[in-house]
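My numbering puts the first residue of the sequence shown at 6, with every later residue one more than the last.
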Amino acid sequence: MKEFHFSYFTASNMVSVDEFAIRTKTGPFIKKEIPLSNFQNFYIFDNKDYRSVFFLYTDNKGKSKKVQVFATPAETGFDDMIKELHIRFPDKSLNHLSEADAFKAMKVANPKKWAPIVAFLLITIVMAGIFYPGLRHYFDFGFSKVNVSEIINGNYSGSRNVSVSGILLDKSLEETTKTTNHGSTTTTVSEYIPMVDENWKEGDPIKVVLSFDKLNDEEYSALFDTEAHLGVIRNIAWEGLSNSQKSFFKDHYGLTMDASPILIEITNQTHNDSWAFFALLLTVGILGIIFIILAVKGRKNR
6 MKEFHFSYFT ASNMVSVDEF AIRTKTGPFI KKEIPLSNFQ NFYIFDNKDY RSVFFLYTDN
66 KGKSKKVQVF ATPAETGFDD MIKELHIRFP DKSLNHLSEA DAFKAMKVAN PKKWAPIVAF
126 LLITIVMAGI FYPGLRHYFD FGFSKVNVSE IINGNYSGSR NVSVSGILLD KSLEETTKTT
186 NHGSTTTTVS EYIPMVDENW KEGDPIKVVL SFDKLNDEEY SALFDTEAHL GVIRNIAWEG
246 LSNSQKSFFK DHYGLTMDAS PILIEITNQT HNDSWAFFAL LLTVGILGII FIILAVKGRK
306 NR
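See the structure below:
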């Protein structure tokens, strides 16, 4: 199997080809698999602002379908993909036709008219996928006060914004994360502490873990006298404890960890992740300006 990777603005795209299928991936979530037995044609469309490939195929009911994958200009991965397609499927290319005849054969409107809009919507969807957990938390306006047993049993309001009470174990993991962006390094420190109910005993699985920002010794000691802790349950999509974090508690403290412990980040807020909503708005706003500029330039050049 050969894989070809290339980007379109903020989206990382991939096309792979093997003896069974052509597979496409746009961003982290949008995927398509085209069996070679259903594959009909491909068409490479270029202009000065972007490049794209159309894959035409039939579904299991014989209905014509198409997939379009975009790339920014000068992407070597896209060039390599084009070469492979012409080598593997020389009789399926529509690029011997004129542009007008190719789009007529594909029954597709010329993308010079609508591609910027479609691309804008596609990238917006991809960015929404990247921010997905944060957006779910942002639109959660509920709140409940619960004990750790209710969290474990799922007997609470359904809102992930909670004030949770329980027994903290004096066994913690301190984790440091460094993020470098444009030469600037940001360091964050988090503390992870298991929480159990009054019926828990040694050997029972740990089913809830709380995470805190960096704590000094005085703050750490004060936690064990705090009646309740205010935060948000992190169990959407890829959120939660990693395998290495679970292994730490097992290897260093001999704790039995549940297969999927519930992680609660202590944020001291009843509504969380506003940053995700406003980050998406900012991203969409910037992309919107870019595409408006491209559209205006395109009209002037016609």
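Beta carbons: idealized from backbone N, C-alpha and C, even for Gly.
Beta-carbon gap between residue i and residue j smaller than 8 angstroms
| i | j | result |
| --- | --- | --- |
| L292 | T129 | yes |
| I241 | P138 | yes |
| K71 | F59 | yes |
| N152 | V74 | no |
| D209 | T261 | yes |
| E80 | K7 | no |
| K97 | F47 | yes |
| I267 | V213 | yes |
Residue i to residue j span [Cα, whole Å]
| i | j | result |
| --- | --- | --- |
| I92 | L220 | 60 angstroms |
| D202 | P33 | 38 angstroms |
| T77 | S103 | 23 angstroms |
| K36 | W205 | 44 angstroms |
| Y13 | K255 | 43 angstroms |
| L228 | K150 | 17 angstroms |
| F253 | L235 | 25 angstroms |
| F217 | N100 | 58 angstroms |
| T191 | I271 | 20 angstroms |
| S21 | D85 | 11 angstroms |
| I27 | I39 | 5 angstroms |
| I156 | W280 | 26 angstroms |
| N314 | A124 | Past the boundaries of the shown model lies residue 314; the chain is included only from 6 to 307, so the question cannot be answered. |
| L41 | F25 | 6 angstroms |
| E232 | Y258 | 25 angstroms |
| S265 | I211 | 9 angstroms |
Helix, strand or coil at residue i [DSSP, three-state]
| i | result |
| --- | --- |
| V289 | helix |
| R28 | strand |
| Y161 | coil |
| Q250 | helix |
| S33 | Note that residue 33 is Pro in the sequence shown here, rather than Ser. DSSP places P33 in coil when its eight states are reduced to three. |
| K176 | coil |
| I241 | coil |
| K53 | coil |
| K150 | strand |
| S170 | strand |
| F144 | coil |
| D256 | helix |
| F44 | strand |
| K112 | coil |
| D263 | strand |
| M19 | strand |
Enumerated in chain order, which unbroken segments of the beta strand (DSSP E) with a length of 3 residues or greater are wholly contained in the region 184-235? 189-201, 210-218
Cβ contact check for the region 166-182 and the region 59-70: 3 or more pairs under 8 angstroms: The region 166-182 and the region 59-70 do not touch, with fewer than 3 CB-CB distances between them shorter than 8 angstroms.
List, from N- to C-terminal side, the beta strand (DSSP E) runs of 3 residues or more that fit wholly inside the region 55-104. 56-63, 69-76
Between the region 276-289 and the region 142-155, are three or more C-beta pairs nearer than 8 angstroms? yes
Take every Cβ of the region 154-166, pair it with every Cβ of the region 244-253, and state whether three or more of those distances are shorter than 8 angstroms. no
Sufficient close CB pairs (3 or more, under 8 angstroms) joining the region 193-202 to the region 174-182: As far as the Cβ criterion goes, the region 193-202 touches the region 174-182, which means the pair count is three or higher.
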